[in-house]
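Engineer:
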Amino acid sequence: MDVYKKSACKTRELLVDIIQEYPDEIEHTYIPSCVVLMRCAGCCNDEALECVPTETRNVTMEVLRVKQRVSQHNFQLSFTEHTKCECRPKAEVKAKKEKKPRVRRVKNPNRAREGDSGGLSASAHLRSSTTVSLAQREGSACMCRTPSPVNAPANSHKCNASPDNLS
Numbered sequence: 001m002d003v004y005k006k007s008a009c010k011t012r013e014l015l016v017d018i019i020q021e022y023p024d025e026i027e028h029t030y031i032p033s034c035v036v037l038m039r040c041a042g043c044c045n046d047e048a049l050e051c052v053p054t055e056t057r058n059v060t061m062e063v064l065r066v067k068q069r070v071s072q073h074n075f076q077l078s079f080t081e082h083t084k085c086e087c088r089p090k091a092e093v094k095a096k097k098e099k100k101p102r103v104r105r106v107k108n109p110n111r112a113r114e115g116d117s118g119g120l121s122a123s124a125h126l127r128s129s130t131t132v133s134l135a136q137r138e139g140s141a142c143m144c145r146t147p148s149p150v151n152a153p154a155n156s157h158k159c160n161a162s163p164d165n166l167s
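Going by UniProt numbering, the residue at position 153 of the sequence shown is 153; the numbering climbs one at a time, nothing skipped.
As structure tokens, then:
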């Protein structure tokens, strides 16, 4: 359990780059270039959680601020230290929970999917189909026969489909 305690979400001493905290100060060089701060770090043992600060405080540290070939002097910078940490839901997880729940539509059980006869036998499926299944060439037009209900004569009619569009 020693490994668990050492990896838990808690405040820890971390080296923080000053430029990371003050990105607009790139024209200056700071000595030292990083400072030791207490920051939240560690594992939460759940992918949906992250280690975040729940309490913070400001600390002021004196560093040497150098502007190349112009000046150098001691300068006080303020940093945020974390004093308490907790495992909390990640921002992206919160956003997903706050979205309205989706309304699931029930698929029409009578509608057959491609390659699925919806429980009908192959011959019954063909008889109930409304798609054009048979075609005969007549010049540039075709004669199409649409399957009819059982025991009814087949309807024939001219269609304007080109032979290239037939499958």
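The beta carbon of each residue, even a glycine, is placed where N, CA and C say it ideally should be.
Give me the Cα-Cα distance between Glu-13 and Tyr-4, rounded to the nearest whole angstrom.
Structural biologist: Answer to the nearest angstrom: the Cα atoms are 18 Å apart.
Engineer: Considering Asp-17, what are the terminal residues of the beta strand (DSSP E) in which it resides?
Structural biologist: Start and end: 10-17.
Engineer: Of the residues Lys-84, Lys-67, Glu-92, Lys-6, which one's Cα is nearest the Cα of Gly-42?
Structural biologist: With distances taken between Cα atoms, Gly-42 lies closest to Lys-6.
Engineer: Considering only residues of the same chain and omitting the five flanking positions on each side of Thr-54, which have a CB-CB separation below 6 Å?
Structural biologist: Closer than 6 Å at Cβ, skipping near neighbours: Lys-84, Glu-86.
Engineer: Going straight from the alpha carbon of Lys-90 to that of Asp-2, what length do you get?
Structural biologist: Looking at the two C-alpha atoms, the distance is approximately 26 Å.
Engineer: Using only alpha-carbon positions, find the residue among Glu-27, Leu-49, Ile-26, Glu-62 that is nearest to Leu-77.
Structural biologist: Among Glu-27, Leu-49, Ile-26, Glu-62, the Cα nearest to that of Leu-77 is on Glu-62.
Engineer: In this structure, does DSSP put Ala-48 in helix, strand or coil?
Structural biologist: Looking at Ala-48 - three-state DSSP - the assignment turns out to be coil, as it is neither helix nor strand.
Engineer: In the DSSP assignment, the alpha helix (DSSP H) including Lys-90 goes from what residue to what residue?
Structural biologist: Note, Lys-90: premise wrong, no alpha helix (DSSP H); not H, not E.
Engineer: Where do the ends of the beta strand (DSSP E) carrying Tyr-30 lie?
Structural biologist: From DSSP, the beta strand (DSSP E) with Tyr-30 extends over 29-31.
Engineer: Would you give the residue range spanned by the beta strand (DSSP E) that Val-70 belongs to?
Structural biologist: No beta strand (DSSP E) holds Val-70; DSSP gives it neither H nor E.
Engineer: Between Val-66 and the rest of its own chain, which residues show a CB-CB distance below 7 Å, the 5 nearest in sequence each way excluded?
Structural biologist: Around Val-66: His-28, Thr-29, Ile-31, Gln-72.
Engineer: If you follow the alpha helix (DSSP H) that Tyr-4 is in, where does it begin and where does it stop?
Structural biologist: First-last of the alpha helix (DSSP H) with Tyr-4: 2-7.
Engineer: Do you know how far the Cα of Glu-81 is from the Cα of Met-38?
Structural biologist: Looking at the two C-alpha atoms, the distance is approximately 5 Å.
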